[in-house]
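If you read the protein sequences in the order shown, they are chains L and V.
In terms of the numbering used here, the first sequence opens at residue 24 and continues consecutively.
In terms of the numbering used here, the second sequence opens at residue 338 and continues consecutively.
Note that CB positions come from ideal geometry on N, CA and C, so glycine has one too.
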Amino acid sequence: MAREEETSDKSAAVVPEPYWNSYKAGALLGLVLLLALVVTGRGLGASGAVTRMAAYSTQKVEASVHGGTSAEETTFAKRNAYTSQYLKGPEDPLDDFLVYMFVGVIVGGFASGVLAKRASLSVTFGPHTTVARRLALASLGGFVSAFGTRLARGCTSGQALTGGATLALGSWVFMFAVFGGGYALAYFLRKEWL
Amino acid sequence: MDPMMPVSKLAEWSQGSVIASAALLGVGFGFVLERAGFGNAKTLAGQWYGYNFAVLRVMFTAIVVAMVGLFGLYYLGLVDLGQIYINETFLWPQLVGGLIFGAGFVIGQYCPGTAVVACATGKIDAMIYMLGFVLGLVAFFFAFPKLESFYMSSSKGRVLLPDALHVSTGLIVLGVVVMALGAFAFTHFLDKKLGKSAGGEV
């Protein structure tokens, strides 16, 4: 478990390949998005799959606490107006486009990381902070992001990227709000990264 | 010529085709995100602290390519826009959700997609981010009864920028391209000014 620079500075250790030029990466990302739109009629997404899995797990955990599968129908998750949208009907809640895409993202990310010699257990953090601070902020950031993403009905992938390319009004509002919220807070957390 | 894309509604696809197409698109998505440097919180933090503008460059390039491709194919009569999923607009929830999401981004220095890719390449901070994300989701589920009226407020339906701004689609597409080029130029200006190198390196 090493800090990023330390792993890459060791001349004897594996040297990761440099990242792609941003415009090349952006153009290819755009082509993947275009393909998703015109072939399937859907775009790209990341938070939707996690939300679905979380709703499903909430129901399962609740049911096991309250007495097995027979309790599934009466769980909070089943009655809750938000989670029930994933849990009603006879279909398997995990048999979903975004869930399969999620699995693909893991495979693609892992393949790229391995091929570029970048896959290794490590913590990424700034030069003037500690691992403990980084992990505490990472978990808080995840918690806060989850609230934002559900209120906005999507994250950077489903709203900013896909909604941006399809010119959806609300997605552009979301995108500018993300940059606004981010820059408003960035100054106060600068010591974590600079 | 009749539009030939999308092939048909996803709901009419066989399960195998849905799995294969979604998984393959996901592989491409994950691969490119990792190559762009987005599986690394330092790349992402660079956007907020001015030492690496990969986030803006990659995102706006992707949006421009997909947008020009989509609306270009539409003008050629090859795509039926009515069959493409367009996010519905809920103005206030998306504005407030975006502000909160932006704050979460800066606190955690990941967003869901980039965190998944970072997890896949062994970043422990990304795994912790995902843990916080799942806890946040569960908290949202339980808070939903109180949030529901706001969540459903200012519903505008399927609104595109051209409708909202009363400008032709072609002009909006051109405007987005010009805005993206302007933003790219600005980031290169900042690179020069701040003495940082361009490109995706961290």
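| Check | Outcome |
| --- | --- |
| Any contact between the stretch 452–466 of chain V and the stretch 138–151 of chain L? By contact I mean 3 or more CB pairs, one from each, below 8 angstroms. | yes |
| From which residue to which residue does the alpha helix (DSSP H) around V/G494 run? | Note, V/G494: premise wrong, no alpha helix (DSSP H); beta strand (DSSP E) at S492 to G494. |
| Can you tell me whether V/T426 is helix, strand or coil according to DSSP? | strand |
| Please return the same chain residues whose Cβ sits closer than 7 angstroms to the Cβ of L/F99, not counting the five positions on each side in sequence. | E85 |
| Quick check: what's the CA-CA separation for V/G537 versus L/L52? | Because the pLDDT at V/G537 is just 43, under 50, the model does not fix this residue reliably, and the value given afterwards should be weighed accordingly. Going by the C-alpha atoms only, they are around 14 angstroms apart. |
| Hey, would you say V/G435 sits closer than 8 angstroms to L/F170, going by beta carbons? | no |
| Suppose you measure from the CA of L/Y42 to the CA of L/S80; what does that come to, to the nearest Å? | 36 angstroms |
| How about L/G181 and L/L67: are their beta carbons less than 8 angstroms apart? | yes |
| Helix, strand or coil for V/E538, going by three-state DSSP, please let me know. | A caution first: V/E538 carries a pLDDT of 46, below 50, which makes its placement in the model too unreliable to give a value. |
| Kindly indicate the opening and closing residues of the alpha helix (DSSP H) around V/P482. | I461 to Y488 |
| Just to make sure I have the definition right: I need the residues of chain L whose C-beta is within less than 8 angstroms of the C-beta of V/D462. Which are they? | V146, T147, F148, R157, L158 and A161 |
| Distance, Cα to Cα, L/A216 vs V/Y412? | Residue identity differs from the one stated: residue 216 of chain L is Trp in this sequence, not Ala. Straight-line Cα distance between these residues: approximately 45 angstroms. |
| Ordered along the chain, which non-local residues of its own chain (more than five positions away) have a Cβ less than 6 angstroms from that of V/V514? | V401 |
| Alpha carbon to alpha carbon, what distance is there between L/A104 and V/M489? | 12 angstroms |
| Which of the three DSSP states, helix, strand or coil, is assigned to V/L410? | helix |
| With a 10 Å radius around its C-beta and 16 neighbouring C-beta atoms as the bar for buried, classify L/Y210 as buried or exposed. | exposed |
| Verify whether the separation of the beta carbon atoms of L/T189 and V/I509 is less than 8 angstroms. | no |
| To which residues of the same chain is V/G494 closer than 8 angstroms at the C-beta, ignoring the five residues directly before and after it? | E425 and T426 |
| Using a 10 Å radius around the Cβ and a threshold of 16 neighbouring Cβ atoms, would you call V/M353 buried or exposed? | Going by the sequence as given, residue 353 of chain V is Gly instead of Met. V/G353 comes out exposed. |
| Please say whether V/F438 and L/A175 have beta carbons closer to each other than 8 angstroms? | yes |
| What's the call for V/F521, buried or exposed, on a 16-neighbour Cβ count within 10 Å? | buried |
| What residue does the alpha helix (DSSP H) around V/P449 start on, and which one ends it? | P449 to A457 |
| Quick check on the burial criterion: 16 or more other C-beta atoms within 10 angstroms. Buried or exposed for V/T524? | buried |
| Could you pull the DSSP bridge partners for V/M342 from this structure? | V/V416 |
| Using C-beta distances below 6 angstroms, list every residue in its chain close to V/G445, excluding the 5 sequence neighbours before and after it, in chain order. | Y466 |
| Strictly below 7 angstroms CB to CB, what residues from chain V border L/T98? | Neighbours of L/T98 on chain V: none; closest Cβ ~11 angstroms, over 7 angstroms. |
| So for L/S145, helix, strand or coil by DSSP? | strand |
| In this structure, does DSSP put L/L190 in helix, strand or coil? | coil |
| According to DSSP, is V/L362 part of a helix, a strand, or is it coil? | helix |
| How close, in whole Å, do the beta carbons of V/E371 and L/G136 come, if the pair is a contact with beta carbons under 8 angstroms? | 5 angstroms |
| Are there 16 or more other CB atoms within 10 angstroms of the CB of V/F526, so buried, or fewer, so exposed? | exposed |
| Helix, strand or coil for V/L497? Go by DSSP, reduced to three states. | strand |
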